[in-house]
Ligand SMILES: NC(=O)c1ccc[n+]([C@@H]2O[C@H](COP(=O)([O-])OP(=O)(O)OC[C@H]3O[C@@H](n4cnc5c(N)ncnc54)[C@H](OP(=O)(O)O)[C@@H]3O)[C@@H](O)[C@H]2O)c1
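Numbering (my numbering), first residue to last: 1080 to 1392.
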């Protein structure tokens, strides 16, 4: 197998020992694997892979064709098209995937979209609906809304009948985010006075969160998913008390196998039909050959993109 390997902070394309599918795993010939912020952090040495995942191959999501299955696998067989969240190791020509963390790729969805779907749609679904209990008719603010998790959050919230306000830094992307279902698209500095919000999906962190929390409605819920702009903030706790508001944070990668399976089941039930019908889609800003992962990571870091950058095997 060939893989993107992190070696002293650089990404090199090289041979790696073949992965072996465990009893409940699929061996997948990877076609496409999305890039995420976590990969860039891992490359810098800041976000080691969880136990059981390759330590030196990045990649939290992939799509590809099943080539072999473990002894206890019942849900898939060789030839099936799957897309999955993995603890790491997705950016390689072959990877192993837990059968419960793999979803079938709907007909009509191409490899780049499938490869960029899993991490961001699982994360956005879990944050909005499981953590924040977003309901139809509620008003939600998505910050950093043009990125991978943002485009998923905007579409899922809109699809459920929520009113979506999206904050987007790049003016060039405002129209595209509105097209995905945001009723209002604003600059990050324009959040004050735009509430009240029942739910805040915070994808930017310190630069954005205090203003967003101040706009929560009574009973409002905020979930912190990304802290790229910093993790330390000053908050008015009286304000939280007065509004009976709640704040939570969440990560996906370190969850246990059963916990991830629960998210996968929710996404299978609630998001896969929307993807299959075209009601939600995966905007792919660029595809880059996996052999040139460094260029893909540079594009990701440069920002200004709508949705995903996906490496193609
Ligand atoms: N907790 C979890 O389980 C989990 C899962 C997935 C991702 N994440 C994290 O969640 C965050 C979002 O992920 P993603 O995949 O959507 O990343 P992404 O595709 O890079 O999107 C981030 C978005 O935030 C914007 N942004 C960044 N800094 C900003 C600032 N200071 N002010 C205003 N906007 C800013 C970016 O705008 P520009 O393009 O203009 O830079 C971009 O549109 C990342 O920090 C990621 O690591 C967490």
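The C-beta atom is built at its ideal place from N, Cα and C for all residues, glycine as well.
No experiment lies behind these values; they were computed from the predicted model shown.
CB of residue i within 7 Å of CB of residue j, strictly
i, j, result
"residue 1080", "residue 1193", "no"
"residue 1152", "residue 1178", "yes"
"residue 1278", "residue 1211", "yes"
"residue 1387", "residue 1113", "yes"
"residue 1245", "residue 1219", "no"
"residue 1284", "residue 1308", "yes"
"residue 1260", "residue 1234", "yes"
"residue 1292", "residue 1301", "yes"
"residue 1202", "residue 1228", "yes"
"residue 1375", "residue 1363", "no"
"residue 1247", "residue 1262", "no"
Endpoints, alpha helix (DSSP H) assigned at residue i
i, result
"residue 1119", "1116-1122"
"residue 1190", "1190-1194"
"residue 1372", "1372-1381"
"residue 1320", "1316-1322"
"residue 1201", "1197-1204"
"residue 1227", "1227-1238"
"residue 1292", "1288-1292"
"residue 1220", "Where residue 1220 is concerned, there is no enclosing alpha helix (DSSP H), although the beta strand (DSSP E) it sits in stretches over 1218-1222."
Buried/exposed call for residue i, threshold 16 Cβ in 10 Å
i, result
"residue 1150", "exposed"
"residue 1254", "exposed"
"residue 1370", "exposed"
"residue 1164", "buried"
"residue 1175", "buried"
"residue 1127", "exposed"
Proximity test, residue i beta-carbon vs ligand 1 heavy atom, cut-off 6 Å
i, result
"residue 1268", "no"
"residue 1257", "no"
"residue 1282", "yes"
"residue 1225", "yes"
"residue 1228", "yes"
"residue 1326", "no"
"residue 1304", "yes"
Cβ-heavy atom distance, residue i to ligand 2, below 6 Å
i, result
"residue 1265", "For ligand 2, the structure offers nothing, since it holds only ligand 1."
Which of helix, strand or coil DSSP assigns to residue i
i, result
"residue 1266", "coil"
"residue 1100", "coil"
"residue 1337", "helix"
"residue 1152", "coil"
"residue 1259", "coil"
"residue 1303", "strand"
"residue 1108", "strand"
"residue 1174", "strand"
"residue 1348", "helix"
"residue 1356", "helix"
Where the beta strand (DSSP E) containing residue i begins and where it ends
i, result
"residue 1246", "1242-1246"
"residue 1144", "1140-1148"
"residue 1085", "1081-1086"
"residue 1277", "1276-1281"
"residue 1163", "1160-1164"
Residue-level contact to chain C via CB, residue i, 7 Å cutoff
i, result
"residue 1387", "Chain labels in this structure do not include chain C; a single protein chain is all it has."
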